Every structure is written in structure tokens, then in C-alpha cells.
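Residue numbers (the working numbering): 15 to 569. Presented below is the structure to which this report refers.
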């Protein structure tokens with residue numbers, strides 16, 4: 015069933031003010047009474063004369079909408095307006111990139127091959143480089159684990175076994191003739207199933223698209239292939255990048271398989287946590303790397319907005335979507351990020367900036383901020399987070415109280431995501447195919463998309479103007495505190511929403527367990543385009559703890 019919407023515009027040239035579902039003739043003229051009702055949605059009042067004066071403009075605007083809807087606008091067509099996270103006066107980092115690692119050189123093949131499930135990318139890379147194990151052997155090992163445990167975890171949408179075996183054989187053949195592509199050479203991985211791969215379905219986790227194929231490879235997939243990585247599966251995501259419920263069920267948390275894994279990078283985090291893959295690619299718009307990494311006890315990197323090309327990825331929010339790795343360790347995140355960042359000519363939001371990473375042996379002399387109000391508030395993970403601060407002090411860091419900007423309430427801007435998502439899936443709503451989605455509650459996408467049509471264009475623009483103010487105030491706060499890196503609770507204090515709006519990079523990693531033996535996490539934040547500094551500080555903390563080396567017991 016196709017839905018008919020009567021649309022209203024605030025003035026000539028504006029787009030969306032509101033929408034009414036009607037069974038009447040869609041060509042029925044907009045009346046003054048309709049305008050009176052619509053204006054109440056956005057809390058404005060007009061006189062009878064003012065409402066009457068608008069009618070020509072509103073009816074003309076609706077004619078324009080009807081004409082524009084005849085234009086084919088698939089999900090990969092972005093708006094002509096691009097989000098820029100740079101505050102006023104910001105100076106982009108320049109110069110060459112540099113990448114130094116602490117990759118282990120003395121790794122040996124374990125007597126019990128099952129132990130390979132929880133080796134890091136760095137360790138597995140050393141085994142392959144030294145020819146102690148072949149990529150084909152390693153790929154078969156992880157494919158078998160995916161097949162064995164997916165019936166419990168529901169973390170795989172499509173197993174790309176044939177592709178994986180051909181890529182693994184190529185990796186081994188190249189190594190035999192002396193061609194080594196780097197630390198990802200021959201390493202199996204998974205890609206969240208909103209990233210396109212030719213020859214395989216790209217379902218976006220949603221029933222309306224479960225048979226969809228896209229005739230291209232996402233840039234991230236291309237770059238990982240160039241680095242020698244082996245794609246073993248398209249991993250689950252909450253439908254259209256929300257939560258952990260997809261059309262095939264609920265992706266499970268390996269630490270407690272009666273619970274969900276959170277999302278939307280549900281399968282990516284679940285599979286890495288369970289030792290089914292060494293790493294996987296996730297995406298974040300408003301917590302979709304941080305949240306499942308927290309629940310599943312993995313380490314994740316959410317890069318700066320504009321760092322990694324989204325070409326070939328499902329668009330949810332053009333101004334907030336970001337792509338990053340989910341791994342077992344901070345340095346694994348650095349290894350993967352080093353292969354995928356930078357412009358590709360297809361995503362115009364991606365900026366040129368160097369990536370400089372080198373491990374730190376000490377944090378002595380390092381000023382590390384901490385979100386004071388958040389840490390002092392009453393929240394569930396306060397005890398473990400306080401121990402994190404103690405560890406940082408022991409490592410030599412000078413902890414500096416840091417306050418997030420408060421004049422712009424970031425939570426009030428989150429409807430920007432929903433409006434952009436509603437535009438991304440406009441056809442889904444208008445066609446009525448949103449009824450095919452598994453989740454249909456008030457908090458699910460179908461209802462959110464419909465509700466977003468009532469957001470006035472003027473309010474959307476005003477919110478983006480407030481976002482500009484937020485970006486500039488965040489820059490001022492960081493400058494005043496004189497910190498390059500700060501730590502924040504994963505959820506408490508509003509940091510997660512705020513920094514997804516400002517585009518700042520984040521590393522999330524485990525920092526303990528609850529009384530129920532479920533993982534908890536802490537986030538390390540940094541300046542725009544300074545992933546290297548954030549990763550280095552986070553690695554120093556992780557190396558001083560053992561939390562990332564704890565693994566769930568699978569049944």
C-alpha cells in the first residue's frame with residue numbers, strides 16, 4: 015500500500031514542515047484549516063488572513079514535492095550540503111603520516127590451535143609472515159568457528175566462504191614469491207552488512223532489503239583487500255543500523271547468550287568477542303561502535319568524521335555516519351585504521367590529514383583530561399571508571415578536570431539524525447514497505463521516520479546552526495584545558511551524543527566487569543584527526559591492564 019502525504023511548507027522555497035496521512039484525494043487543495051492544524055505541530059500561531067495568504071505557496075510547494083519524488087534518489091545519493099566538523103580557526107594537521115607498532119616478533123604457534131581464536135591481529139600476522147601458519151589454514155579455522163557458534167550468537171548474515179578461500183590462497187601464493195602486503199596480509203575479518211561487496215547480498219539487516227545486491231565494493235572493503243585481508247562474512251546489524259534486532263533474530267552477547275549484543279554493529283562486536291574473527295568493521299552514528307563494544311568487551315575505534323570513506327556503505331545520517339574497526343586490542347585498531355583511512359575521490363566529506371601513531375612507554379608528563387562532572391555523577395560503572403583514573407595516574411599522567419560545553423544541549427540536537435535517516439529512507443516510508451520491518455514499536459525506525467516528516471525545515475537548519483556553536487565551544491573547552499586526550503564514561507555525562515555531533519574520535523575499550531561478570535568500558539577521546547594520540551594513550555592504559563585478555567566461555 016502506498017501512503018499519501020499532504021506536505022506543508024513554511025514559506026516559498028522551504029521544504030518540509032509537516033505531513034498528514036490521508037485517504038482523501040492527494041490532489042485535494044490544502045486549506046486554511048489544514049494550515050491551522052499543522053502549525054500547532056511546531057508551536058506557531060497564524061491569523062486567519064495569514065493562513066489564507068499562505069495557501070498559494072503551500073499548494074505550489076506540494077506540486078514541487080510531487081515532481082521531485084519522480085526523481086530516482088537511491089540511498090547512495092548524498093545531499094549537496096556536506097557536514098564540516100572543523101571549528102572556526104582550526105588548523106588541519108599537515109605533513110607525512112608515520113606508523114610505528116609494537117608488533118610481537120617472537121610469536122609461536124600454540125600447541126592447542128583453539129587458542130588462535132583470541133590471538134590479536136598482530137600476533138596472527140606474525141605467524142603468517144613467518145610462515146608458521148598459512149592464511150588458508152587460518153581462514154578455515156575462523157570459518158569453522160563462525161559456522162559452529164553462529165547458530166547461538168546469530169552474528170552472521172552471509173558467510174563469504176568461497177571468496178575467503180580464494181583471497182586466502184592469493185595471500186599464501188604472494189607470500190611464497192616474496193610479496194608481503196603488511197600486517198593484515200592473510201588475516202580473516204568480517205564486514206558489517208551495510209558495506210557492499212560484489213557478488214554477495216548487502217541486506218542492511220532489514221527485511222525490505224534482505225535480497226538486495228549492490229554491484230560495487232565499498233571503499234573500506236577495497237582497501238582491506240589491497241592490504242591482504244580476507245573477508246569471511248557479512249556481519250549482522252540491527253535493521254537499518256539500530257540496535258541488535260535484524261530480520262533473522264537478535265544477535266547475542268557471547269558473555270551472556272540470553273542477552274543481546276547491543277548495536278548496531280552487533281555482529282561485528284559479537285563475533286570478535288567470541289573469537290570467531292580477529293577483527294571486524296563497524297559503523298557509528300550515535301553509539302553503534304561504543305555500545306556493542308561495551309556490551310561484548312571488545313576494543314573499538316570511532317574515527318573523526320571525515321576520516322574514512324563511506325562510499326559503498328548504507329547512508330543513515332550523512333552528517334554523522336562514521337566507519338571504524340572493532341578488535342581485541344588498541345593496536346589492532348591502529349593496524350586496521352592505517353589501512354582504511356583517507357580520501358578516495360568518492361566521499362567528498364573525507365579530508366586529507368596524516369595519521370601518526372607510535373606506542374608510548376609511559377604517560378609521564380601527559381596531560382589527560384577527564385570529564386569531572388560525569389565521573390562524579392551517580393552511574394552504574396562509576397567504581398570501575400574510578401579505578402581507570404587511578405591507573406592513569408600510576409602511569410604518570412597528569413589528570414586535568416575537563417568540562418563539556420553546556421550552553422548547547424546536545425541531546426536536543428539528536429533529531430538531526432532522525433530527519434536525515436527519514437530522508438535516506440523516504441521511499442521506504444512512502445511505499446508502506448516499512449511495515450515489513452521486524453521492530454514496529456514507538457522507538458523503532460518506522461515510527462521515527464514517519465514522525466521526522468513533521469520536523470520543520472527551519473528547525474532542522476536552526477539545529478545545525480546550534481551544532482556549529484557546539485563545535486566551536488567544544489574546541490574552546492579543549493584549548494582552555496590544554497589537553498589532547500581526555501577520558502569519559504562510556505555513557506554517563508552526555509559525552510557520547512555530544513562527540514558524535516561534533517565528530518571527535520573515540521577509542522572504547524574494556525575496563526572491568528560488573529558483579530554479573532559482564533564487561534564494562536571506558537572511552538578515550540581526542541582532538542579532530544588525532545586518532546594516533548588517542549590510540550597511543552589508550553594502548554598505554556590497556557597494556558597496564560588485563561581486561562582485553564579476558565574472554566567469554568562459549569557453549
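Even for Gly, the Cβ is constructed at its ideal location relative to N, Cα and C. No experiment lies behind these values; they were computed from the predicted model shown.
- Query: When you compare only the Cα positions, how much space is there between residue 204 and residue 249?
  - Reply: Using only the alpha carbons, I get a separation of about 6 Å.
- Beta-bridge pairing of residue 412 - partner residues as DSSP gives them: Residue pairing by DSSP places residue 412 opposite 381 in a beta bridge.
- Could you pull the start and end residues of the beta strand (DSSP E) that residue 172 belongs to? Unbroken beta strand (DSSP E) run through residue 172: 170–173.
- Item | For residue 359, three-class secondary structure by DSSP | Residue 359 falls in the coil class under three-state DSSP.
- Message: Please report the distance separating the alpha-carbon of residue 225 from that of residue 86.
- Response: Using only the alpha carbons, I get a separation of about 20 Å.
- Message: Let me check one thing: in DSSP terms, what residues is residue 503 bridge-paired to?
- Response: In DSSP, residue 503 forms a bridge with 536.
- Below 8 Å between beta carbons: does that hold for residue 265 and residue 403? Contact flag unset, no.
- Query: What three-state label does DSSP hand residue 74 in the structure shown?
  - Reply: In the three-state reduction of the DSSP assignment, residue 74 falls in the helix class, which pools H, G and I.
- Message: Taking 8 Å as the cut-off, does the stretch 135–155 touch the stretch 175–192 (at least 3 CB pairs, one atom from each stretch)?
- Response: The stretch 175–192, when compared against the stretch 135–155, does touch it at the 8 Å Cβ threshold.
- Contact check, residue 108 vs residue 121, beta carbons under 8 Å: Pairing residue 108 with residue 121 gives a Cβ-Cβ distance that is not under 8 Å.
- Cutoff 8 Å; reference residue 454; Cβ partners in own chain excluding five residues on either side: Within the same chain, 460 and 461 come within 8 Å of residue 454 by CB-CB distance, once the 5 residues on both sides are set aside.
- Contact check, residue 429 vs residue 463, beta carbons under 8 Å: In this structure, residue 463 does not lie closer than 8 Å to residue 429 by Cβ.
- Message: For a quick check, are the C-beta atoms of residue 571 and residue 376 less than 8 Å apart?
- Response: Here the chain comprises residues numbered 15 to 569, so residue 571 is not present and cannot be evaluated.
- Message: By alpha-carbon positions, which one of 301, 49, 297 and 349 ends up nearest to residue 326?
- Response: Closest by alpha carbon: 297.
- Per DSSP, which one or two residues make a beta bridge with residue 371? Bridge partners of residue 371: 113.
- Just grab the DSSP bridge partners of residue 339 for me. 295, per the DSSP bridge assignment.
- Query: Considering only the beta carbon of each residue, do residue 480 and residue 422 sit closer than 8 Å?
  - Reply: It is a contact, given that the beta carbons lie within the stated cut-off.
- Query: If you draw a straight line from the C-alpha of residue 133 to the C-alpha of residue 119, how long is it?
  - Reply: About 14 Å.
- Item | Contact belief for residue 433 with residue 458 at Cβ below 8 Å, rounded distance in angstroms | The C-beta distance from residue 433 to residue 458 rounds to 16 Å, too long to meet the 8 Å contact threshold.
- Query: Quick one, which of 349, 91 and 310 has its alpha-carbon nearest residue 562's?
  - Reply: Nearest C-alpha to residue 562: 310.
- Item | contact_flag[the stretch 187–197, the stretch 268–283] where n(CB pairs < 8 Å) is 3 or more | The stretch 187–197 makes no contact with the stretch 268–283: fewer than 3 CB pairs, one atom from each, lie closer than 8 Å.
- Pull up the distance between the alpha-carbon of residue 207 and that of residue 214, whole angstroms please. Answer to the nearest angstrom: the Cα atoms are 10 Å apart.
- Item | Spatial distance of residue 400 from residue 318 (CA atoms) | Rounded to whole angstroms, the gap between the alpha carbons of residue 400 and residue 318 is 27 Å.
- Please go through the same chain and pick out, in chain order, the residues whose beta-carbon is closer than 8 Å to the beta-carbon of residue 10, but skip the five residues on each side of it. The requested residue 10 is not part of the displayed model; the chain covers only 15 to 569.
- Query: When the Cα atoms are used, what is the spatial distance from residue 307 to residue 534?
  - Reply: Taking the straight line joining both Cα atoms gives about 9 Å.
- Per DSSP, what kind of secondary structure is residue 262 in: helix, strand or coil? Residue 262 carries a coil assignment under DSSP once its states are collapsed to helix, strand and coil.
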